[in-house]
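See structure below.
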Amino acid sequence: MYPTLQSMGITSIQDIEKFTLRFEGGHDVLKIYYRREKGSLLPKSKKFKFGRSTKTVLADGGQQTYRQVQEPSLIVLRAMEELELIVGRQHEVKVTKDDLVKELEHLEKVVNSKINEIKEKIAAMK
């Protein structure tokens, strides 16, 4: 019923809770979040990166000037349509200061954890 999502390897379609799409480093990044039971070993989210196609189009003015336009991948557009059918249309929520603080705190935890992991590996080498 959802051929694009299935082709992306998404099998837990009934557990999809929400999704986000953002543009980052020249790519569209689609992140799908799942409902999971407490203690579940399954991932709470999956992230997919899609490249954009570049097209050269004639610019206005009649001076034979061209400009390059980037367009999202057809796969990401189809995936978005299927996800909207599953979770309903999501309205873009304005990011609050509290949201950014929480996101920053989470990032700090992840980075500190990775730094400690690498330090432990270095200490084990001596």
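Taking the numbering used here, the leading residue of the sequence shown gets 218, the next gets one more, and so forth. Just so it is clear, CB atoms sit at the ideal spot from N, CA and C, and this is done for glycine as well. The structure presented is a predicted model; accordingly, all values stated were derived computationally and were not measured.
The DSSP-derived three-state label of Ile335 is helix.
Looking from the CA of Gly268, the closest CA among Lys338, Asp245, Gly226 belongs to Asp245. Met342 counts as exposed, since fewer than 16 other C-beta atoms from the protein chains shown sit within 10 angstroms of its C-beta. In its chain, beyond the 5 residues on either side, Thr282, Tyr283, Arg284 have a beta carbon closer than 7 Å to the beta carbon of Ala276. The stretch 315-328 makes no contact with the stretch 244-260; the number of CB pairs closer than 8 Å stays below 3.
For Glu288 against Ser270, the beta-carbon gap comes to about 5 Å, under 8 Å, which counts as contact. Within the stretch 260-297, the runs of beta strand (DSSP E) at least 3 residues long that lie entirely inside it are, in chain order, 262-268, 270-275, 283-288. A straight line joining the alpha-carbon of Thr313 with that of Gln280 spans about 45 Å.
Contact annotation, Lys272 with Val293: C-beta distance approximately 16 Å; criterion of less than 8 Å not satisfied.
Excluding residues up to 5 positions away in sequence, nothing lies with its Cβ nearer than 7 Å to the Cβ of Val327 in the same chain. Taking all protein chains in view, the Cβ of Ala340 is surrounded by fewer than 16 other Cβ atoms within 10 Å, so the residue is classified as exposed.
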